[in-house]
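**Student:**
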Amino acid sequence: MGKPSKNELDSAFEQAKRLIWQEQDQDFLAKSLFALHDQSQELTKVLSACEAYIQSGQSTTAHRGIISAMNAYRNMNSSGNADYAINVTDNERNQALETAGMLRETGNDSHYIAKTVLNLNYMVKQLESVYRATERYLHSGMSITEHQHLENAIKKYRTLENRTSGSDVSAFNIY
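Going letter by letter, the sequence shown gives residues 0 to 174 in numbering that gives the first Met the number 0.
#1: Please return the same chain residues whose Cβ sits closer than 8 Å to the Cβ of V129, not counting the five positions on each side in sequence.
#2: Assuming T30 contacts D24 under a Cβ cut-off of 8 Å, what Cβ separation, rounded to an integer in Å, is found between them?
#3: In the DSSP assignment, find the alpha helix (DSSP H) that holds T59 and state where it starts and stops.
#4: Have a look at P3, E160, S4 and T133 and flag the residue whose alpha-carbon is nearest the alpha-carbon of L72.
#5: Determine the closest residue to L32 out of S67, K5 and R92, with distance taken between C-alpha atoms.
#6: Comparing C-alpha positions only, which one of N86, L28, L126 and A95 sits nearest to E160?
#7: If I measure Cβ to Cβ from R103 and keep anything under 7 Å in the same chain, skipping five residues before and after, which residues do I get?
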């Protein structure tokens with residue numbers, strides 16, 4: 000499938016805004032698009048902080064960057080965080096993913112919302128594996144084994160990212 004191009008992303012986000020404004024997002028595609036986008040941005044900050052930490056030779060400042068990015072991700076859906084106004088429940092997201100799959104199968108995705116939702120969901124799942132590896136690393140007392148697992152998770156994500164980058168790599172400004 001590949002990543003959506005810049006034009007496809009623009010179309011998807013414009014149509015998603017229209018659906019939300021017109022209260023026509025019964026299948027939660029538009030809502031899920033924005034929620035997944037926010038989630039991918041926060042998880043990418045964790046990924047970047049981990050890479051900076053590894054490249055810095057595990058500096059204390061870079062370690063604090065990881066903690067800060069992880070806290071921001073954990074807190075993004077808290078009730079006190081007004082920066083993230085769009086939250087989706089698991090049921091809403093599942094419904095959106097089911098609808099997106101059907102739209103892609105039938106070729107009825109003229110604004111690329113389904114393609115974008117499916118791509119973002121896939122990338123978020125991959126970024127969450129880096130997040131979990133980071134948590135295990137930090138909670139293990141930063142063991143060498145968990146450090147290797149973290150590096151492998153990052154490499155796996157970057158490999159996947161490069162493999163799927165058949166379109167504009169910087170379309171979301173997160174990759």
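A virtual CB, placed ideally from N, CA and C, is assigned to each residue, including glycine.
**Tutor:** The structure says:
#1: Numbered from its first residue, the sequence shown carries residue 129 at position 130. Contacts found: L42, V45, L46, C49, L149, A152, I153 and Y156.
#2: Residue mapping note: residue 30 aligns to position 31 of the sequence shown, counting from 1. Residue mapping note: residue 24 aligns to position 25 of the sequence shown, counting from 1. The sequence given here places Lys at residue 30; Thr does not occur at that position. Sure, about 6 Å apart at Cβ, within 8 Å.
#3: Here residue 59 refers to the residue found at position 60 when the sequence shown is read from its first residue. T59 to N74 is the span of the alpha helix (DSSP H), which, as asked, contains T59.
#4: Here residue 72 refers to the residue found at position 73 of the sequence shown. Before going on, a small fix: residue 72 reads as Tyr here, not Leu. With distances taken between Cα atoms, Y72 lies closest to T133.
#5: Translated into positions along the sequence shown, residue 32 becomes position 33. The residue with the shortest Cα to Cα distance from L32 is R92.
#6: Position 161 of the sequence shown holds residue 160. With distances taken between Cα atoms, E160 lies closest to L126.
#7: In the sequence shown, counting from the first residue as 1, residue 103 sits at position 104. Contacts found: A113, K114 and L117.
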